[in-house]
Amino acid sequence: MLVLLGVGLRLKPQEIPSPLIGKRAPEITLPQVEDGRGLFRSSDMRGKVWVLNVWASWCGPCRAEHPALLELSRLAVAPVVGLNYNDQRGDSLQWLREVGNPYNVSAFDGDGKAGIEFGVYGVPETFVIDKQGLIRLKLTGPVTQEIVKDKLLPLIRELDHG
Amino acid sequence: MVKRWWLLLLLFFAAAASAAQDAAQLERRVNHVAEQLRCLVCQNQSIADSHAQLALDLKREARLQLSQGRSEQEVIDFMVQRYGDFVLYRPPFKAITMVLWLGPFVVLAAGSTALLYNLRRRELREDALEEV
Amino acid sequence: MIPELGNFALMIALCLALVQGSLPLLGAWRDKPHWIALARPAAAGQVSFVVFAFGCLLAAFVNNDFSVAYVASNSNSMLPLHYRVAALWGGHEGSLLLWVLILSVWTAAVARFSRQLPPVFVARVLGVMAWISVGFLLFMLFTSNPFDRLLPAARDGRDLNPLLQDFGMIIHPPLLYMGYVGFSVAFAFAIAALLGGELNAAWARWSRPWTLVAWAFLTLGIFMGSFWAYYELGWGGWWFWDAVENASFMPWLVGTALIHSLAVTEKRGSFKNWTVLLAIVAFSLSLLGTFLVRSGVLTSVHAFATDPRRGLFILAFLAVVIGGSLALYAWRAPTVGMGERFALFSRESLLLLNNVLLLTAAATILLGTLYPLFLDALDLGKISVGAPYFETVFVPLLLPVLLLMAASPFVAWRRDAWRDVASRLSKIAQISVLFGLALWLGWKFTPAVAAGLMLAAWILLGCAQHVLERLSAVGEGVTLARHVTKQPLSYWGMLAAHAGVALFVVGVTLVKGGEVSEDASLRVGESVVSNGWRYSFTALQKVDGPNYVAARATFEVHGPDGRVLTLQPEKRYYTVQQMPMTEAAIDRGFTRDVYLSLGEPGKDGAWLVRMQNKPFMGWVWGGCLVIAAGGLLSASDRRYRSYVKRKEDETIHTAAERLRTVAGIAGRGPAA
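Chains as they are written, first to last, in this note's numbering: chain A, 1 to 162; chain B, 163 to 294; chain C, 295 to 966.
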């Protein structure tokens, strides 16, 4: 039992693994945060490797991870799609103006329904989805430069070649 | 003419009453489902008890699905598909949780049997000694 | 300056503890009276320096010394004085210092109140306690020093978590620690007995009061935690089977088995191995609880700031203590000797069964608490184990215990005929069953509630019958009053504790079976009816507290019997930590609690309100208090206060036993 507890020290009990890894990403159709820009359909992303980042204007850690996301989008290795979760349009637009917009497109999920489809339980969360539309990675918590470098970029590159 | 009005009124009240009944029935079912799902952002609460945003969202989703005719089990399966076994407030009864569910009773049975056996054997042994 | 003195004092305390731990034990082993005599003075020294160190940290808090990192992260200049004191144990480092302080308190008590024990034995006990102290002091000095400075000093502190700014915080941890740490005394007694190879009824008599007092404190500590959560957390729950709650409940269960086992060892000389093992397990579970809370291994509302390095240290400490003591047990237990004989149906057997049941219960809770970790570590997925599991599994385990509780006092020591006991108890058994059936079929209670109340009645009737039988066996020329006072306090203690359990069962059964909770959205001036009570939202005002702002709602609540209550739940916003908090309004009654709490305000000015009605909630609290009182009553029994060496008593006792055995009289044992 003591060995078990020792191993337990290295685990993170707050993190809940996603059962959706390896499964098809849910088909969502949402309006965009910027009004009048048409709808975002996740099926449109088929054939590309893409990153989905769940964010909200009321979320502190989202602000902390923003520089890393801006960097990721600057590298342009994969489209970065934002999922604006449980938010108000006005606040979201204001926020994007303030901190910058790393997203190729930002879907507006005002009531959180799309989030539930993705198994979102907190913000921020980040998903990597492959060309066939399967979810390959889910990260909970803010993305750091290290995570971009060590986890996201290699995976995206690998999926691109696959 | 009056009779028609009466009938309409009666039907209206009946509908309202049954709607209220239905609403209460729906709430009961929502609650029943909510009690079985864990609030993922709280400490040890079901989504029935919690007022957290996620809990309210999930309850709303459950209510929507139940009112659309899904069964309680289907709603729970929906949640488990997206959030994993962790969202079940009551651990599932599967192969890997067999030890969890049956363990206590096995231990109890084993312990009591061992005790009984030991005491009986002691009693017999001491009786034998006494007869000497 | 003062924090440095405190730090230094801890280091000196460590040195003294090392002395206290090594020389007396070596002296006891090698029969060196001078070293044995060092135990008490070394202990006195260690205690003084720990108290001094505690005083230094206390001074830092009271004086708002924010150059000490721990004070800065747990206190604030706007915090009222009594909470500044309580903040001392609000975080990891400080709570460790509290642990060590309470260990010192117990050490001092053992040193002071052990004049009648042989010095060699006392030396061993103090020696073992010293090693526990060494472990915690090392832990503090190397990984979690409360005196670490923060340079440059913070302008103001980060404030104590608003959830902790409550009376409960002032007494819950100290009470709990008095219990946890108190089991270290029982542990030390057990180890000392194993080391010395003498384990007899006298040892049990010495051990018992200490264990009873520790157990009573643990009961109060757990009660206080629940009581506090009930009014503080705002949603009416009071037991969540949270990892830390379980961590305190497991030692309590094993502690209960221990005090029963000690009773048998004291009276009959039996169960020695069991008793020693239970003492080791109880304390090990206390330490395990300490580990679980501080290592980040489990999620819990109680979890302190987690640091795997600290977890590793405690784990190592756990391994040493548990491994060492069990190894010692395996080595020395056989020499401790078998107990006296007893039949398959006897009070001894039933108490042994009681031990098995309570240990199974504790093991079950351990299983449930660690299972998610177990699966996660083996990469078998993540599940969550919560209240539904524990309630499903724990209640059936407890049923036999409750049944036995009423019946066992009627069973004779050594040997009895179950038919005789059954016929003695048949009347109250019938009354209880009829009561249960009446509740179920007549008053339409659910079978579960009826069963719970039936068991409670069974226990209470059993206590009553036992008392009546005992008191009616009055001899010639003795008045009833005299006879009552002649009964030892430990008898009344037992009755009180068992009755307390019955009261607790009544409370839990009725609350779980009958509580009603409803949510509603209300604006000022509106009202709603829930469960026969009318809740009218009459006023809303803004209130300024010392370190918070609050919205206070006033409700007039009309009961079905015409009573009108005024309840004022609050939603507080603590300015420093920017944390919202719910203060529930509770009207406590003998037969029900009315519980009202505010949720979030909606955008339209309507507040989400939760209204709850909890039948017989007060009996849960009352039951716990009566249980603790029973423990303390038993501990104050006169025979524990004797300062005379009791060796001769023991010889007389065993000689009398032998006479009785020889003469073949299967008599009832001495008075319970």
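All residues carry an ideal CB built from backbone N, CA and C; glycine is no exception.
This structure is a prediction, so every number in the text was calculated from the model and none was measured.
Inset, instruction - For the stretch 755–763 of chain C and the stretch 473–487 of chain C, state whether three or more C-beta atom pairs, one from each stretch, are separated by less than 8 Å. - result: At 8 Å Cβ cutoff, the stretches do not touch.
Legend entry - Amino acids of chain C, ordered along the chain, whose beta-carbon sits closer than 8 Å to that of ILE238 (chain B): Reading the second sequence from its first residue, position 76 is the one you call residue 238 (chain B). The contacting residues do not exist; ILE238 (chain B) stays about 13 Å from chain C at best.
Inset, instruction - Take ALA64 (chain A) and list the residues in its own chain whose beta-carbon comes closer than 7 Å to its own, dropping the five residues that flank it on each side. - result: Counting from one through the first sequence, the residue named residue 64 (chain A) turns up at place 64. Taken in chain order, the residues that qualify are PRO142.
Legend entry - Within-8 Å CB hit, ASP219 (chain B) to chain A: Residue numbering aside, residue 219 (chain B) sits at position 57 when the second sequence is read from its first letter. Chain A contact via Cβ: present.
Legend entry - Contact with chain C by SER233 (chain B), beta-carbon distance below 8 Å: To locate residue 233 (chain B), count along the second sequence from 1; it is residue 71. It does not; no Cβ of chain C falls within 8 Å.
Inset, instruction - For the beta strand (DSSP E) containing PRO55 (chain A), list its first residue and its last residue. - result: Reading the first sequence from its first residue, position 55 is the one you call residue 55 (chain A). Just to set this straight, residue 55 (chain A) is Trp in the shown sequence, not Pro. First-last of the beta strand (DSSP E) with TRP55 (chain A): 50–55.
Inset, instruction - Consider the Cβ of PHE127 (chain A): report whether some Cβ of chain B lies at a distance smaller than 8 Å. - result: By one-based count along the first sequence, residue 127 (chain A) stands at place 127. So no, PHE127 (chain A) is outside the interface.
Legend entry - Contact between the stretch 398–413 of chain C and the stretch 356–364 of chain C (3+ Cβ pairs under 8 Å): Output reads no: the stretch 356–364 of chain C does not touch the stretch 398–413 of chain C.
Inset, instruction - Give a yes or no on whether the minimum CB-CB distance between ILE209 (chain B) and chain D is below 8 Å. - result: Of the protein chains in this structure, namely A, B and C, none is chain D.
Inset, instruction - Tell me, please, whether the stretch 223–231 of chain B touches the stretch 183–198 of chain B by the rule of three or more beta-carbon pairs shorter than 8 Å. - result: As far as the Cβ criterion goes, the stretch 223–231 of chain B touches the stretch 183–198 of chain B, which means the pair count is three or higher.
Inset, instruction - Verify whether the separation of the beta carbon atoms of GLY462 (chain C) and THR876 (chain C) is less than 8 Å. - result: Here residue 462 (chain C) refers to the residue found at position 168 of the third sequence. Here residue 876 (chain C) refers to the residue found at position 582 of the third sequence. In this structure, THR876 (chain C) does not lie closer than 8 Å to GLY462 (chain C) by Cβ.
Legend entry - Local Cβ density within 10 Å of ILE16 (chain A), reported as buried at 16 or more and exposed below that: Walking along the first sequence from the start, residue 16 (chain A) turns up at place 16. So ILE16 (chain A) ends up on the buried side.
Legend entry - Which residues DSSP lists as bridging THR126 (chain A), in chain order: The residue given as residue 126 (chain A) occupies position 126 in the first sequence. Bridge partners of THR126 (chain A): A:ASN53, A:LEU139.
Inset, instruction - State the Cα-Cα distance for the pair PHE968 (chain C) and VAL715 (chain C), rounded to the nearest angstrom. - result: Since the first and last residues shown for chain C are 295 and 966, residue 968 (chain C) lies out of range.
Legend entry - CB-CB length for VAL689 (chain C) against ALA750 (chain C), believed under 8 Å: If you number the third sequence from 1, residue 689 (chain C) lands on position 395. If you number the third sequence from 1, residue 750 (chain C) lands on position 456. Actually they do not touch by this definition, with Cβ atoms about 14 Å apart.
Inset, instruction - Report the partner residues of LEU199 (chain B) according to the DSSP bridge assignment. - result: Here residue 199 (chain B) refers to the residue found at position 37 when the second sequence is read from its first residue. According to DSSP, which records beta bridges pairwise, LEU199 (chain B) is partnered with B:LEU250.
Inset, instruction - Quick one: give me the first and last residue of the beta strand (DSSP E) that LEU527 (chain C) is part of. - result: To locate residue 527 (chain C), count along the third sequence from 1; it is residue 233. For LEU527 (chain C), no beta strand (DSSP E) encloses it, and the DSSP letter there is neither H nor E.
Legend entry - First through last residue of the beta strand (DSSP E) which encompasses ILE880 (chain C): Here residue 880 (chain C) refers to the residue found at position 586 of the third sequence. First-last of the beta strand (DSSP E) with ILE880 (chain C): 879–882.
Inset, instruction - Going by DSSP, name the residue or residues bridged to VAL810 (chain C). - result: Taking the third sequence and counting its residues from 1, one reaches residue 810 (chain C) at position 516. In DSSP, VAL810 (chain C) forms a bridge with C:ASN907.
Legend entry - Cross-strand partners of GLY38 (chain A) (DSSP beta bridge): Here residue 38 (chain A) refers to the residue found at position 38 of the first sequence. Paired residues: none, contrary to the question.
Inset, instruction - Just confirm the distance between the C-beta atoms of ALA878 (chain C) and SER815 (chain C), as a whole number of angstroms; I'd bet it's less than 8 Å. - result: The sequence position of residue 878 (chain C) within the third sequence is 584, counting from 1. The sequence position of residue 815 (chain C) within the third sequence is 521, counting from 1. Contact between ALA878 (chain C) and SER815 (chain C) fails: their C-beta atoms lie close to 18 Å from each other, not under 8 Å.
Inset, instruction - Using a Cβ cut-off of 8 Å (strictly closer), state whether GLU288 (chain B) contacts chain C. - result: Mapped onto the second sequence, residue 288 (chain B) falls at position 126. Yes, GLU288 (chain B) counts as interfacial toward chain C.
Legend entry - SER106 (chain A) (DSSP reduced to helix, strand or coil): Taking the first sequence and counting its residues from 1, one reaches residue 106 (chain A) at position 106. In this structure, DSSP gives SER106 (chain A) an extended state, which the three-state scheme calls strand.
Inset, instruction - Using a cut-off of 8 Å between C-beta atoms, extract the partners of GLN227 (chain B) located in chain A. - result: The residue you call residue 227 (chain B) lines up with position 65 of the second sequence. Within 8 Å of the CB of GLN227 (chain B), no CB atom of chain A is found; the nearest one sits about 11 Å away.
Inset, instruction - Check the Cβ-Cβ distances between GLU223 (chain B) and every residue of chain A, and say whether any is below 8 Å. - result: Along the second sequence, one-based indexing puts residue 223 (chain B) at 61. Cβ-Cβ to chain A under 8 Å: yes for GLU223 (chain B).
Inset, instruction - Would you kindly check if the distance between the Cβ of GLU560 (chain C) and the Cβ of ARG499 (chain C) is under 8 Å? - result: Position 205 of the third sequence holds residue 499 (chain C). Position 266 of the third sequence holds residue 560 (chain C). Going by beta carbons, ARG499 (chain C) and GLU560 (chain C) fall inside the 8 Å limit.
Legend entry - Neighbour flag for LEU139 (chain A) against chain B, beta carbons, 8 Å: As a first step, residue 139 (chain A) is located in the first sequence; it is residue number 139 there, counting from the start. At a cut-off of 8 Å between beta carbons, LEU139 (chain A) makes no contact with chain B.
Legend entry - Interface flag, HIS194 (chain B) vs chain C, CB-CB below 8 Å: Position 32 of the second sequence, counting from 1, holds the residue named residue 194 (chain B). It does not; no Cβ of chain C falls within 8 Å.
Inset, instruction - Please state whether DSSP places PRO79 (chain A) in a helix, a strand or coil. - result: The sequence position of residue 79 (chain A) within the first sequence is 79, counting from 1. The answer is coil: DSSP assigns PRO79 (chain A) none of H, G, I, E or B.
Legend entry - Residues of its chain near GLY115 (chain A), where Cβ-Cβ distance is below 8 Å and the 5 sequence neighbours each way are ignored: The residue you call residue 115 (chain A) lines up with position 115 of the first sequence. Result list for GLY115 (chain A): VAL54, LEU83, TYR85, ASN86, ASP109, in chain order.
Inset, instruction - Answer yes or no: does any C-beta atom of chain B fall closer than 8 Å to that of GLU894 (chain C)? - result: To locate residue 894 (chain C), count along the third sequence from 1; it is residue 600. Chain B, which has a Cβ nearer than 8 Å to the Cβ of GLU894 (chain C), makes this yes.
Inset, instruction - Determine the contact status of LEU373 (chain C) and ASP450 (chain C), defining contact as a CB-CB distance below 8 Å. - result: Looking up residue 373 (chain C) in the third sequence gives position 79. Looking up residue 450 (chain C) in the third sequence gives position 156. Against a cut-off of 8 Å, the Cβ pair of ASP450 (chain C) and LEU373 (chain C) comes out as no contact.
Legend entry - Identified DSSP bridge partners for THR848 (chain C): Position 554 of the third sequence, counted from the start, is the residue given in the question as residue 848 (chain C). THR848 (chain C) is bridged by DSSP to C:ALA833.
Inset, instruction - Ignoring anything shorter than 4 residues or poking outside the stretch 471–543 of chain C, list the alpha helix (DSSP H) runs there in chain order. - result: With a minimum length of 4 residues, the continuous alpha helix (DSSP H) runs that stay inside the stretch 471–543 of chain C are 495–526.
Inset, instruction - Helix, strand or coil for SER717 (chain C), going by three-state DSSP, please let me know. - result: Here residue 717 (chain C) refers to the residue found at position 423 when the third sequence is read from its first residue. Residue state, collapsed to three classes: helix.
Inset, instruction - Give the residues of chain B in contact with GLU117 (chain A), contact being defined as C-beta atoms less than 9 Å apart. - result: Taking the first sequence and counting its residues from 1, one reaches residue 117 (chain A) at position 117. Per Cβ cutoff of 9 Å: ARG244.
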